[in-house]
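Residue numbers (full-length UniProt numbering): 1 to 454.
Beta carbons are placed, not taken as given, at the ideal position from N, Cα and C, and that holds for glycine.
Quick caveat, the model's predicted, so the values are computed rather than measured.
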Amino acid sequence: MLNSLVNKYNIAGPRYTSYPTVPYWNNETFSLKKWKTSLIESFKESNSEEGISLYIHLPYCESLCTFCGCNKRITKQHSVESPYIKAVLKEWDLYLELFDEKPIIKELHLGGGTPTFFSPENLQQLINGIIRRSILANNYEFSFEGHPNNTTREHLQALYDVGFRRVSYGVQDYNETVQKAIHRIQPFENVKRATDMARDIGYTSIGHDIIFGLPFQTLEHVKETILKTKTLLPDRLAFYSYAHVPWIKGNGQRGFNDSDLPAAELKRQQYELGKQLLSEVGYSEIGMDHFALTTDSLYKSMTNGDLHRNFMGYTASKTQAMIGLGVSSISDSWYGFAQNVKGIETYYDLLKDNILPVYRGHILSEEDLIIRKHILNLMCRFKTAWTQDNLYFSKLPEVIVRLKEMETDGLLNVSPNTIEVTKKGQPFVRNICMAFDLLLQRKQPNTQLFSMTV
Numbered sequence: 001m002l003n004s005l006v007n008k009y010n011i012a013g014p015r016y017t018s019y020p021t022v023p024y025w026n027n028e029t030f031s032l033k034k035w036k037t038s039l040i041e042s043f044k045e046s047n048s049e050e051g052i053s054l055y056i057h058l059p060y061c062e063s064l065c066t067f068c069g070c071n072k073r074i075t076k077q078h079s080v081e082s083p084y085i086k087a088v089l090k091e092w093d094l095y096l097e098l099f100d101e102k103p104i105i106k107e108l109h110l111g112g113g114t115p116t117f118f119s120p121e122n123l124q125q126l127i128n129g130i131i132r133r134s135i136l137a138n139n140y141e142f143s144f145e146g147h148p149n150n151t152t153r154e155h156l157q158a159l160y161d162v163g164f165r166r167v168s169y170g171v172q173d174y175n176e177t178v179q180k181a182i183h184r185i186q187p188f189e190n191v192k193r194a195t196d197m198a199r200d201i202g203y204t205s206i207g208h209d210i211i212f213g214l215p216f217q218t219l220e221h222v223k224e225t226i227l228k229t230k231t232l233l234p235d236r237l238a239f240y241s242y243a244h245v246p247w248i249k250g251n252g253q254r255g256f257n258d259s260d261l262p263a264a265e266l267k268r269q270q271y272e273l274g275k276q277l278l279s280e281v282g283y284s285e286i287g288m289d290h291f292a293l294t295t296d297s298l299y300k301s302m303t304n305g306d307l308h309r310n311f312m313g314y315t316a317s318k319t320q321a322m323i324g325l326g327v328s329s330i331s332d333s334w335y336g337f338a339q340n341v342k343g344i345e346t347y348y349d350l351l352k353d354n355i356l357p358v359y360r361g362h363i364l365s366e367e368d369l370i371i372r373k374h375i376l377n378l379m380c381r382f383k384t385a386w387t388q389d390n391l392y393f394s395k396l397p398e399v400i401v402r403l404k405e406m407e408t409d410g411l412l413n414v415s416p417n418t419i420e421v422t423k424k425g426q427p428f429v430r431n432i433c434m435a436f437d438l439l440l441q442r443k444q445p446n447t448q449l450f451s452m453t454v
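Rendered as structure tokens:
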């Protein structure tokens, strides 16, 4: 039965870190002026109550990992660090000019690229420059992505000293054949050392990222990786499906053949095996593809109903406004999205002219806002209700038809005003969200835009 469902629902679909998804943004009606207006409105509504989130993209890596679809620049020249940090701080200054009061930072995340490409001193300079003209919320959370091979004790201590308490390490898989295929060679000893150092310094949440569905990866490889991970017992885990998107320019994902990838049925078996092994030592499944110990803030946010999802993935708390700094970063005012230019040189040129380096975006309509809420509920709580909405999905027969079919397959339960995803349906939550995605349904893409859902 599971294999038949996998075959039926293994289609290309979004991961829903936003709605509308990026390919369906209406750039024709978007403008930098509208984006600023939406952000100012959101800031006034939420800054004093919940604060804002910051995502800072640090794009540099010394080598290319061929599984990665992120925006990055490969170089071994560390002279690029200082100019980039100055540019990010300039962008922050341009945003601060929009606000009448100091922003209250509740959440800050350094992503990449490889944040630990930067020296500890430069990372401290960046963070101190960000918070110098800000206020930190009482329960703020700073986190960063660390590469186990180059995250040093000096990195961890420097970031700890400016407020970081959470770090996530990209593990992917411990098998040497798989590592060679994705050009990410890192022995278990390196991950153990980086994890132990973080604990020794005082980090309260350590995460590992593990991927299933990688080239040449078998069930035994996944089992080996999970068993080794259990010995380190990270506080939270991202255990997610490899997103095969080789059409993204420059991501290097054509370093292996499609025939080297596990079939959909095997990918689902890999996930179910990993989930079983993790549950045996006390990990709880959080939303989609995430796991946490009961002591971690992500688990507590799930039990409290506070779990949130945005362009940083799942977060333990919600802020209405999220500002993305650095090349390719995406910002979210709740009423609109804006993405920065992807080229570093263009980014520098626009900032030199005191222009926010935004090149595309979307201002949400009333319909967008309603659908966004339901998709967010499904992704974070596996249920949603629409009694109070102006837009009633019961009046949209095409949505109901899709949901009824999924109900027949045992993926969800539908009542007059409520949908609840079943345990059986949780692995297919992306497909369930797609039933609500009116933009996707109205205009099916001619070419593949998204990775496969399984």
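Excluding sequence positions up to five away, which residues of its chain have a Cβ less than 6 Å from the Cβ of His109?
Answer for His109: Tyr55, Ser143, Met312, listed in chain order.
With burial defined as no fewer than 16 other Cβ atoms inside 10 Å of the residue's Cβ, what is the status of Gly361: buried or exposed?
It counts as buried.
Between the C-alpha atoms of Asp173 and Glu41, what's the straight-line distance to the nearest angstrom?
Roughly 44 Å between the two C-alpha positions.
Less than 8 Å separating the beta-carbons of His155 and Gly170?
In this structure, Gly170 does not lie closer than 8 Å to His155 by Cβ.
Take the Cβ of Thr408 as the centre, count every other Cβ of all protein chains shown within 10 Å, and call the residue buried at 16 or more, exposed below.
With fewer than 16 other Cβ atoms within 10 Å, it is exposed.
What does Asn413 pair with, by DSSP beta-bridge criteria?
In DSSP, Asn413 forms a bridge with Glu420.
For Arg193 and Pro234, what's the separation of their Cα atoms in angstroms?
Roughly 13 Å between the two C-alpha positions.
Could you give the DSSP three-state label for Tyr16: helix, strand or coil?
DSSP places Tyr16 in coil when its eight states are reduced to three.
Helix, strand or coil: which one does DSSP assign to Met322?
In the structure shown, Met322 sits in a strand (DSSP, three-state: E or B).
Find the nearest neighbour of Phe337 within the set Pro23, Phe118, Arg15, Asn7, judged by alpha-carbon distance.
Nearest C-alpha to Phe337: Pro23.
Reducing DSSP to helix, strand and coil, say where Arg165 ends up.
Correct three-state label for Arg165: strand.
DSSP state of Gln172, grouped into three classes?
Strand at Gln172.
Candidates Ser4, Pro20, Ala238, Tyr9: which alpha carbon is nearest Ile363's?
Comparing Cα-Cα distances from Ile363 to each of Ser4, Pro20, Ala238, Tyr9, the minimum goes to Pro20.
Determine the direct distance from the alpha carbon of Ala316 to that of Glu224, and round the result to whole angstroms.
Rounded to whole angstroms, Glu224 to Ala316 spans 29 Å at the Cα level.
Are Gly274 and Cys380 closer than 8 Å when you measure CB to CB?
No; because the gap between Cβ atoms is not below 8 Å, this pair is not in contact.
Could you check the C-alpha separation between Gly202 and Asn10 for me, to the nearest Å?
Straight-line Cα distance between these residues: approximately 42 Å.
Please report how far the alpha carbon of Lys44 lies from the alpha carbon of Gly213, in whole angstroms.
Taking the straight line joining both Cα atoms gives about 44 Å.
Identify whether Pro234 lies in helix, strand or coil by the three-state DSSP scheme.
Coil, per DSSP.
In whole angstroms, what separates the C-alpha of Thr152 from that of Leu378?
Looking at the two C-alpha atoms, the distance is approximately 39 Å.
Using 8 Å as the limit for Cβ to Cβ distance, is Ser205 near chain C?
In the structure shown, chain C cannot be found, because there is only a single protein chain.
Does the distance from the C-beta atom of Asp289 to that of Asn310 stay below 8 Å?
No, these two residues do not count as a Cβ contact at 8 Å.
Count the other CB atoms within 10 Å of the CB of Gln276; is the residue buried (16 or more) or exposed (fewer)?
It is exposed - the Cβ of Gln276 has fewer than 16 other Cβ atoms within 10 Å.
For Gly113, does the three-state DSSP call read helix, strand or coil?
Residue state, collapsed to three classes: coil.
From the DSSP output, which residues share a beta bridge with Gly313?
Answer is Asn310, bridged to Gly313.
Please state whether the Cβ-Cβ distance between Leu412 and Gly425 is less than 8 Å.
Contact flag set, yes.
Starting from the N-terminal side, write out each stretch of the beta strand (DSSP E) that is 3 residues or longer and does not extend beyond the stretch 180-213.
Counting whole runs of 3 or more residues, the stretch 180-213 contains the beta strand (DSSP E) stretches 205-212.
Where do the ends of the beta strand (DSSP E) carrying Ala338 lie?
Where Ala338 is concerned, the enclosing beta strand (DSSP E) stretches over 336-340.
Rounding to the nearest angstrom, what Cα-Cα distance links Lys102 and Ser46 in this structure?
Approximately 12 Å between the Cα atoms of the pair.
Can you tell me which residues form a DSSP beta bridge with His290?
DSSP output for His290 lists Ala238, Ile286 as bridge partner(s).
So, under 8 Å CB-CB, Tyr299 and Ser284 are touching, yes? Tell me the CB distance rounded to an integer number of Å.
Confirmed, about 6 Å.
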